[in-house]
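Enquirer:
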Amino acid sequence: MSKFISLLFCCGLFAQDVRAVLDEQTAAWNRGDLEAFVETYENSPSITFLGKELSFGRDAVLARYKRSYNTPEKMGKLRFEVLTVNPLGPDHAMVLGKFFLTRTAAGGGDATGHFTLLLHKGPKGWKIIHDHTS
220 MSKFISLLFC
230 CGLFAQDVRA
240 VLDEQTAAWN
250 RGDLEAFVET
260 YENSPSITFL
270 GKELSFGRDA
280 VLARYKRSYN
290 TPEKMGKLRF
300 EVLTVNPLGP
310 DHAMVLGKFF
320 LTRTAAGGGD
330 ATGHFTLLLH
340 KGPKGWKIIH
350 DHTS
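Count along the sequence shown starting at 1, add 219, and that's the number in our numbering.
1. For L338, name the three-state secondary structure that DSSP assigns.
2. What's the call for D350, buried or exposed, on a 16-neighbour Cβ count within 10 Å?
3. May I have the straight-line CA-CA distance separating K271 from R283, to the nearest angstrom?
4. What did DSSP end up calling P306 once you bin it into helix, strand or coil?
5. Please list, in chain order, all residues of the same chain as K346 whose beta carbon is under 7 Å from its beta carbon, the five residues on each side excluded.
6. D368 by DSSP, collapsed to three states: which one?
7. Assign Y284 to one of three DSSP states: helix, strand, or coil.
8. Can you tell me whether R325 is buried or exposed, with buried defined as 16 or more other CB within 10 angstroms of its CB?
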């Protein structure tokens, strides 16, 4: 197999592995399990989430989600559209995408926006180390 074909195969698997993290997040969110949703973030005090506020560490990210989405109506149903997955080396990746949150009017109405994720592949697989969602 040529190096070019090997590279394409590797990058395809790379993107597939990274996208699996988002599939895991979607499944957890849509069953109302914020703890499982946040398990996709690296368990480190240095991870960051930037949205309406800046949070550092997985515990702070979980606390923010629990404050903002404290009812099934506010959580609604989540869907992601991945726009790009860019390798940043053998164990880092950047994902650009859109989120779509379908909610009732009582839950705050539908919401959509963009996100940038930085992921790191460690002993526990791919984990989010930075999330900027707007």
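All C-beta atoms in this analysis are idealised placements derived from N, C-alpha and C, irrespective of residue type, glycine included. No experiment lies behind these values; they were computed from the predicted model shown.
Expert: By the coordinates alone:
1. strand
2. The residue in question, D350, is buried, as its Cβ has 16 or more Cβ neighbours within 10 Å.
3. 10 Å
4. strand
5. T259, Y260, E261, L338 and H339
6. Since the first residue of the chain shown is 220 and the last is 353, residue 368 is not available in this structure.
7. helix
8. Sequence inspection shows Ala at residue 325; the Arg mentioned does not correspond to that position. A325 comes out exposed.
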